[in-house]
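What follows is a single structure, written as structure tokens, with notes after it.
Residue numbers (the numbering used here): 434 to 486.
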């Protein structure tokens with residue numbers, strides 16, 4: 434149902450993260466409209482961590 438898809442308010446987003454920031458550090462916030470909040474079985478995970486080398 435397209436009426437329940439999130440609308441990302443203020444997109445596109447850009448986050449700059451320092452090289453020595455610990456994993457799990459909050460670096461920003463993304464806002465969506467309330468249509469997605471009504472559909473509780475949808476989860477968006479924006480966490481990502483990996484080691485470059």
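Just so it is clear, CB atoms sit at the ideal spot from N, CA and C, and this is done for glycine as well. Quick caveat, the model's predicted, so the values are computed rather than measured.
The bridge partners DSSP lists for residue 448 come to none. Exclusion of the five residues before and after residue 460 leaves 448 and 450 as the residues of its chain whose Cβ lies within less than 6 Å of its Cβ. Only residues of its own chain outside the window of five on either side were considered, and among them 439, 440, 441 and 442 have a CB closer than 7 Å to the CB of residue 465, listed in chain order. Here residue 446 has 461 and 463 as same chain residues with Cβ atoms under 8 Å from its own Cβ, once five neighbours each way along the sequence are excluded.
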